[in-house]
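See structure below.
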Amino acid sequence: MKQTYIWGVIGIIVVAGLGYYAWSSNETTGGITMIGEAFERDAIDDLIGGDKAYVCDVQSAVENRESLGMVYLDGNSFRAEFKTFVPEINTTIDIYSIWDGDYVYSWSSLSPVGSKAQVVREQITFNNASADAADQVIYSCNEVASDPSMIAIPENITFEELAVEPIEGDASVETEMPAEDSINQEEMEVIES
Numbered sequence: 001m002k003q004t005y006i007w008g009v010i011g012i013i014v015v016a017g018l019g020y021y022a023w024s025s026n027e028t029t030g031g032i033t034m035i036g037e038a039f040e041r042d043a044i045d046d047l048i049g050g051d052k053a054y055v056c057d058v059q060s061a062v063e064n065r066e067s068l069g070m071v072y073l074d075g076n077s078f079r080a081e082f083k084t085f086v087p088e089i090n091t092t093i094d095i096y097s098i099w100d101g102d103y104v105y106s107w108s109s110l111s112p113v114g115s116k117a118q119v120v121r122e123q124i125t126f127n128n129a130s131a132d133a134a135d136q137v138i139y140s141c142n143e144v145a146s147d148p149s150m151i152a153i154p155e156n157i158t159f160e161e162l163a164v165e166p167i168e169g170d171a172s173v174e175t176e177m178p179a180e181d182s183i184n185q186e187e188m189e190v191i192e193s
């Protein structure tokens, strides 16, 4: 239960970061900068499934959580790496996520155990973040050479499968998590170690 909660929180942070990043790219004056190409509104969704690879540097400060990271997009896959300061435990956490076209794998520097959940392309959207959150994200993207090693699933992490169900009429995903106040001080010490 503790690990499920931790991975749920990490997953939400990663998905929220990607959503904030991508939503803000929908603004015609947004921060998406591509080498050699002009991108228009809604273009970020077009990057997934395309025939080119991109690396996007991302900075955000949302709800007292500062994050610095990178998103690598290549065809029907992506990798996200973020360093996020979590004030509740006064720690910076490295958070990773890979979507290989079938599963999203997520893990962090807190544990050698990660999670995986089957997610289809239709469940991945980058258009649902709020305007306030998008205003707190700075990013730039550049076309790069394809690098299959970026999508390689790490062998030193054990992945536990999570059940993820699509929400009717929505392209996002939903997972069950315990209430935030259900973590006690003893569990927080385990998280910190």
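First residue of the sequence shown: 1, per UniProt numbering; consecutive thereafter.
For each residue, glycine too, the CB sits at the ideal point set by N, CA and C.
These numbers come from a predicted model, not from an experiment.
{"Check": "Tell me the DSSP secondary structure of SER149 in three-state form.", "Outcome": "helix"}
{"Check": "Between the alpha carbons of ASN64 and ALA163, how many angstroms are there, rounded?", "Outcome": "29 Å"}
{"Check": "Give me the Cβ distance between VAL71 and ASN142, rounded to the nearest whole Å; I'm assuming they're in contact under 8 Å.", "Outcome": "Actually they are not in contact, since the Cβ atoms of VAL71 and ASN142 sit about 11 Å apart, beyond 8 Å."}
{"Check": "Buried or exposed for SER146, going by 16 or more other Cβ atoms inside 10 Å?", "Outcome": "exposed"}
{"Check": "Taking 6 Å as the limit between beta carbons, can you name the residues of its chain near LYS52, skipping five residues before and five after?", "Outcome": "GLU143"}
{"Check": "Return the chain-ordered list of same chain residues with a C-beta closer than 6 Å to the C-beta of TYR96, the five sequence neighbours on each side being excluded.", "Outcome": "GLU81 and TRP107"}
{"Check": "Taking just the CA atoms, how far does LYS83 sit from THR91?", "Outcome": "10 Å"}
{"Check": "Quick one, are the C-beta atoms of ILE151 and ASP102 less than 9 Å apart?", "Outcome": "no"}
{"Check": "Going by DSSP, name the residue or residues bridged to ASP57.", "Outcome": "MET70 and SER140"}
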